[in-house]
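Reviewing the structure listed below.
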Amino acid sequence: MLSDSEKQLCLLLTGAWLEVLRDLMACIGTPHRIVIGGSLMRGEEQDRIDFLAQARNRALEPLWLSAAALSDPSAAARGGLAKEMAAWDIFSARDTSNTMWHAQKIVFFNDVYFCAQDVFRLLQHKADMACGMDFDRPKIDGLPHPEQRRMFGWYLWHKYAVPRAIGRFLGRSGLITKHWRLDPDIQAAFQAKSTMGFYDTWVARCCSQADSEACCRDSDGNLFLKDPPYVTDPYSLQRIALGLPFPVKCCWNGLVVMSAAPFSQHNLRVRMHKEGECAASECSLVCNDLQRMGYRNIIVDPGVRQAYDAVDAKDLYNNVSVKGLPFATWGEVQAAKAIDWSLVPHRPFTQCCGLPEGHNMIEFDKDCFWDNFMYPNYTAKRPT
């Protein structure tokens, strides 16, 4: 855990590197907007998902501005465009009022470790949405309390030969186990011993094969599994066993590439749920909106892998601690059969795991249910 001074240093270094990036973008004449120390803050009573959607939309503002300018070239001549670009802090090395761009793809990444080659690989897919797979190792303080007590007893037994019954008894003291689990050496040892599991189970959803006999409502839109084989439908299982991209109902997974057309041409916005709609992540609702609009080719490429920790990322790129997930090179992906979308029918059902009001965590064994996300059509109710 970083101290306040270390966090401040990280912010300063991040700002310095972003300044360098800004200079590089200007040198090559690339329109850009880089915001350092922005003013967007979450309101005291603002819903967490609403704030995250607002932040993502703020990042997309130049996309909509460029689309508006390209559809109405006279806007630049009238001078209004330059004012809007200045207000939104959009810069270019060339004439600001004339340099516009037509975006074909949108890239979003979360607080993950990734490589440039990961982004390039996702950009090459001819899909409406393409994601990698994100992984993490379980943390001690994230385990259920009975499991923490069991591990504490195991630790005392192996380290000090304390009988396990006594260790479990001592583990009932919250103060003792808290001190133990926060010890950096204990955390490092636990991390080294753990294997990585798939992370974004809240958003990622499987597809199902087109078999009217074997497939029913409750086999479509399933949650991903944290451990191998990660997905449940036969077609995806065949492809993931070869390390090949496979179709999904939804994904984000720390790194996502999307078609810009729904946003620039059809006014799609990232949003929180509407009244009566599944209280899902803003990322899940993007998937639902895309499918309602006919953008249904959504894939996961298991050859693109992200982690949230530097140690995990190093192991991930060395193919350590990830079970049941062979790596296929881009050449192997190109040589293999493409996804057969005739085996991926569009069904309107998916598992909704809504975030209860006032909560910050999902209880997957209590908060999930099957939902027809096509009806009502909440996408049609979005503001214009």
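Going letter by letter, the sequence shown gives residues 695 to 1078 in my numbering. Ideal Cβ positions, reconstructed from N, Cα and C, are used throughout, including at glycine.
Tell me the rounded alpha-carbon separation between residue i and residue j.
i       : j       : result
Leu917  : Tyr893  : 11 angstroms
Ala1032 : Leu984  : 22 angstroms
Asp783  : Asp1003 : For Asp783, the predicted model reports a pLDDT of 48, less than 50, meaning its position is unreliable and no value from the coordinates is stated.
Leu706  : Asn947  : 28 angstroms
Pro725  : Phe957  : 18 angstroms
Asp877  : Gly847  : 16 angstroms
Ile860  : Trp874  : 16 angstroms
Cys721  : Val714  : 11 angstroms
Arg831  : Pro1039 : 34 angstroms
Leu962  : Arg716  : 28 angstroms
Phe1063 : Asp828  : 24 angstroms
Gln811  : Ile992  : 20 angstroms
Asn792  : Gly723  : Residue placement at Asn792 cannot be trusted, given a pLDDT of 43 that sits under 50; what the coordinates show is reported in the next sentence. Distance between the alpha carbons of Asn792 and Gly723 is about 12 angstroms.
Ala973  : Val964  : 14 angstroms
Glu1057 : Trp795  : 43 angstroms
Met952  : Ala747  : 16 angstroms
Met966  : Leu931  : 32 angstroms
Asn982  : Cys945  : 11 angstroms
Thr653  : Phe863  : Lying outside 695 to 1078, the shown extent of the chain, residue 653 is not represented and no answer is given.
Val1027 : Leu850  : 48 angstroms
Leu712  : Leu919  : 36 angstroms
Gln1000 : Asn1066 : 31 angstroms
Asp921  : Val1016 : 9 angstroms
Gln842  : Met1055 : 19 angstroms
Gly915  : Thr871  : 39 angstroms
Trp1024 : Val856  : 52 angstroms
Please check the pair residue i and residue j, which I expect to be a contact at CB under 8 angstroms, by giving their CB distance rounded to whole angstroms.
i       : j       : result
Met987  : Thr926  : The Cβ separation is near 26 angstroms, so there is no contact.
Ala797  : Ser760  : 7 angstroms
Asp995  : Arg815  : 7 angstroms
Pro1050 : Asp1061 : 6 angstroms
Phe808  : Val950  : The Cβ separation is near 11 angstroms, so there is no contact.
On the three-state DSSP scale, how would you describe residue i?
i       : result
Glu701  : According to the sequence provided, residue 701 is Lys. The question's Glu does not apply to it. Helix.
Phe846  : helix
Lys1008 : helix
Glu807  : As written in the sequence, residue 807 is Tyr, which differs from the Glu given in the question. Residue state, collapsed to three classes: strand.
Ala787  : With a pLDDT of only 37 at Ala787, under 50, the local geometry of the prediction cannot be trusted, and the value read off the model is given with reservation. Of the three classes helix, strand and coil, the one that applies to Ala787 here is coil, per DSSP.
Thr1044 : strand
Lys820  : coil
Ala710  : helix
Phe802  : strand
Asn1013 : coil
Ile860  : helix
Pro832  : coil
Ile728  : coil
Ala740  : For the record, residue 740 in the displayed sequence is Gln; it is not Ala. If DSSP states are grouped into helix, strand and coil, Gln740 belongs with coil.
Gln959  : coil
Ile1033 : coil
Cys721  : helix
Met735  : coil
Ser867  : coil
Ser975  : coil
Out of the options, point me to the one whose CA is closest to residue i's CA.
i       : options                              : result
Ser975  : His1053, Asn991, Val1027 and Thr871  : His1053
Ala762  : Phe1043, Phe1058, Asn1071 and Gln959 : Gln959
Ile728  : Leu817, Ala710 and Ala935            : Ala710
Ser733  : Arg752, Arg716 and Asp744            : Arg752
Lys833  : Glu738, Ile880, Ile1056 and Ala1007  : Ile880
Ile800  : Val806, Cys825 and Phe808            : Cys825
Trp896  : Tyr929, Asp1059, Met735 and Ala935   : Asp1059
Leu936  : Gly1018, Gly970, Arg844 and Arg736   : Gly1018
Pro1020 : Thr871, Pro939 and Ser699            : Pro939
Ser867  : Pro840, Val856, Gly891 and Thr889    : Pro840
Ser1036 : Gln1000, Arg990, Ala1030 and Arg750  : Arg990
Phe745  : Cys1047, Cys977 and Asp1009          : Cys977
Arg899  : Lys943, Ser888 and Tyr929            : Lys943
Tyr1011 : Gln818, Cys704 and Met890            : Met890
Val813  : Cys1046, Val998, Tyr924 and Ala1029  : Val998
Cys1046 : Asp1034, Pro941 and Gly970           : Gly970
Phe884  : Met845, Ile934 and Trp1024           : Met845
Check whether the Cβ of residue i lies closer than 8 angstroms to any Cβ atom in chain D.
i      : result
Gln818 : The displayed structure is made up of one protein chain only, and chain D is not part of it.
>> Which complete alpha helix (DSSP H) runs does the region 871 to 901 hold, if anything under 4 residues is left out?
In response: 878 to 887
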